[in-house]
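Quick notes on the structure that follows.
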Amino acid sequence: MAGEKSIPHSIATLDKVHGVTLVRDIVGWGNTHMNSNPHQRFAHSLARAALCAGALCLSAENAQARPHDQEDLRSYMHGIEAVKGADGRFLIFISSSGIPPKGKDENGNWPHDIYLSEWGINDARISPPTLFIQKPEAQEPVSVAQTTDGNVMLSFEDGWNTSNEVNQRYGVYDAKLRPIAPYPRVVATGGHSGHVAAAGKHFVVLYSEDWVNGGGVDDLGTGNGVYAKVFDSHGHLLSTFDVAPQRREWWPMIAGSSNRALLVWQQFVPDQTSANLKITVLDPETGKLSAHKILRSGLNYYTYKAKYIPSIDRFLVTGTTVNGKGFAYLINNDGKVSATLECMPATVRGADVVASGNIAYTPSQDNRLLHLELTPSSIKLKAVQRSPLTWSYIGSLGLMRNPSSIHWISLTKNGVEETDFDLRNAVQPDRSDLCR
0 MAGEKSIPHS
10 IATLDKVHGV
20 TLVRDIVGWG
30 NTHMNSNPHQ
40 RFAHSLARAA
50 LCAGALCLSA
60 ENAQARPHDQ
70 EDLRSYMHGI
80 EAVKGADGRF
90 LIFISSSGIP
100 PKGKDENGNW
110 PHDIYLSEWG
120 INDARISPPT
130 LFIQKPEAQE
140 PVSVAQTTDG
150 NVMLSFEDGW
160 NTSNEVNQRY
170 GVYDAKLRPI
180 APYPRVVATG
190 GHSGHVAAAG
200 KHFVVLYSED
210 WVNGGGVDDL
220 GTGNGVYAKV
230 FDSHGHLLST
240 FDVAPQRREW
250 WPMIAGSSNR
260 ALLVWQQFVP
270 DQTSANLKIT
280 VLDPETGKLS
290 AHKILRSGLN
300 YYTYKAKYIP
310 SIDRFLVTGT
320 TVNGKGFAYL
330 INNDGKVSAT
340 LECMPATVRG
350 ADVVASGNIA
360 YTPSQDNRLL
370 HLELTPSSIK
380 LKAVQRSPLT
390 WSYIGSLGLM
400 RNPSSIHWIS
410 LTKNGVEETD
420 FDLRNAVQPD
430 RSDLCR
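Using my numbering, the first residue of the sequence shown is number 0, and each one after it goes up by one.
Here it is in structure tokens:
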């Protein structure tokens with residue numbers, strides 16, 4: 000296995016499961032980071048409500064479920080994303096509480112730092128990650144985007160050095176990760192739950208602010224607004240947008256095309272155990288926002304994802320209802336729905352969507368990989384295949400090795416697990432997959 004000997008204190012095994020190669024890797028890197036902040040980590044207040052709640056929504060019938068008396072796995076690892084480096088290899092950023100992950104510290108705080116790894120199409124697994132950003136308190140979940148000139152923005156919640164529970168912060172680097180506007184830069188004091196996307200030469204950060212107690216999952220409360228900020232590729236703030244200000248709307252996700260950004264978030268519905276899924280499209284050049292649209296009602300809190308599909312010039316939104324049924328929509332650059340798949344297997348919170356040509360791949364809660372065939376005006380569940388990984392809500396990332404193979408990296412309580420999917424081993428969906 001490439002690079003195995005260079006990994007200190009590692010345990011790695013290769014298994015064949017359902018025709019898929021699985022690499023299990025628990026790596027013992029040192030991490031001397033200690034939390035020096037005396038107040039409790041955000042996980043015991045706003046973030047525990049904002050970030051942990053989604054895991055509690057998942058169906059108790061599948062491996063996603065987290066019973067109420069179990070710990071929050073996000074205290075170990077939370078967030079993984081990647082962009083292309085200057086040499087064509089993938090730069091992978093991970094928020095983790097050490098290597099191997101340690102979970103909460105002795106004060107109950109989350110001590111996540113941001114680690115950097117690399118992967119190329121000829122590599123069996125990712126390189127041993129190294130610290131990229133290390134501060135007291137937690138920097139998580141990391142979100143990453145890359146503009147057309149190759150510059151990279153990282154954005155995440157940050158519990159370090161703030162009078163609030165957290166700030167939404169960012170840093171900008173070139174494709175060789177040389178600093179341009181390095182961390183710590185502030186998106187919003189008191190901001191949280193933010194994600195970043197690139198729309199051509201612009202970065203767009205979508206985030207929430209404030210918290211309203213009560214309601215939502217387990218009566219933990221909701222965020223209180225969705226906001227966006229547009230930056231140039233060097234990290235200079237260009238504009239600010241009150242997308243859904245001072246409302247019980249939060250947990251924003253984002254995807255970017257060459258000149259638009261799709262903004263996606265959830266809306267609290269009084270007296271309901273589900274949410275509304277809302278969208279709008281932002282033109283970062285003109286500042287125009289399309290009309291807000293409720294894309295789906297009956298949403299299982301936190302369980303949705305947005306991805307731009309270049310081959311068909313559409314945004315793909317996937318998610319799951321409170322009844323455990325998955326769905327998918329295609330959205331054009333004007334914010335209009337061009338295709339709908341009303342029912343499919345339930346998707347996984349925190350999981351990636353990978354596009355290759357007109358096929359999109361994403362995990363399902365029953366430990367499979369879904370193959371979605373897309374045209375500008377249609378979505379079809381084309382195939383499914385078993386996964387040797389038990390998908391979790393703390394994050395996973397897929398990287399195309401070649402047209403018939405995806406390398407998938409999944410975060411766990413014990414570290415990173417990796418596998419290769421041979422896409423030729425997929426089978427046709429059965430009637431239940433097609434909701435017939």
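Every residue, glycine too, gets a C-beta built ideally from N, C-alpha and C.
What does the Cβ neighbour count give for residue i, buried or exposed, with the cut at 16 atoms within 10 Å?
i    : result
S116 : buried
N322 : exposed
H77  : buried
G215 : buried
P178 : exposed
N150 : buried
V316 : buried
R430 : exposed
E136 : buried
K83  : exposed
Q384 : buried
G438 : The requested residue 438 does not occur in the structure, where the chain is confined to residues 0 to 435.
I293 : exposed
P283 : buried
P269 : exposed
E341 : exposed
P309 : exposed
V229 : buried
Would you kindly work out how many angstroms separate the C-alpha atoms of residue i and residue j, rounded to a whole number?
i    : j    : result
K381 : G318 : 17 Å
H201 : R435 : 43 Å
G349 : L281 : 23 Å
E416 : L369 : 19 Å
H194 : F155 : 7 Å
P460 : S337 : Residue 460 lies beyond the range of the chain shown here (0 to 435); nothing can be said about it.
M33  : I93  : Since pLDDT at M33 reaches only 31, below the 50 mark, its modelled position is unreliable, and no value is offered.
H111 : G97  : 7 Å
L329 : T339 : 6 Å
S355 : D148 : 22 Å
L72  : R246 : 29 Å
A260 : I132 : 27 Å
G102 : S74  : 5 Å
T411 : G107 : 19 Å
F267 : N275 : 7 Å
I91  : Y307 : 19 Å
T161 : Y169 : 14 Å
Q69  : Y300 : 19 Å
Please state if the CB of residue j and the CB of residue i are separated by a distance shorter than 8 Å.
i    : j    : result
Y206 : Q167 : yes
L298 : I278 : no
G85  : A174 : Looking at the sequence shown, residue 85 is not Gly but Ala. A contact, by the Cβ cut-off of 8 Å.
R423 : I120 : no
S386 : N366 : yes
P344 : S395 : no
D157 : P127 : no
S289 : D333 : yes
E208 : G220 : no
S403 : D421 : yes
A436 : G255 : Missing from the structure shown is residue 436; the chain here goes from 0 to 435 and no further.
V203 : I253 : yes
P244 : G213 : no
E80  : V143 : yes
L433 : S409 : no
T346 : K304 : yes
W250 : Q271 : no
A327 : L398 : no
G222 : W210 : yes
K134 : W159 : yes
For the beta strand (DSSP E) containing residue i, list its first residue and its last residue.
i    : result
K306 : K292 to I308
W118 : D112 to W118
Q384 : S377 to R385
L368 : R367 to T374
A350 : Run containing A350: none; DSSP gives neither H nor E here.
D421 : G414 to D421
V426 : V426 -> no beta strand (DSSP E), and no H or E assigned at all.
C342 : V336 to M343
Y392 : Run containing Y392: none; DSSP gives neither H nor E here.
V82  : M76 to K83
P362 : I358 to S363
S409 : S404 to T411
S94  : F89 to S95
V316 : R313 to T320
L329 : G325 to I330
K277 : A274 to L281
Every unbroken alpha helix (DSSP H) within the segment 132-207, with a cutoff of 4 residues, ordered by chain: With a minimum length of 4 residues, no continuous alpha helix (DSSP H) run stays inside the segment 132-207.
Beta strand (DSSP E) runs wholly inside the segment 209-267, at least 3 long, in chain order: 224-231, 236-244, 248-255 and 260-267
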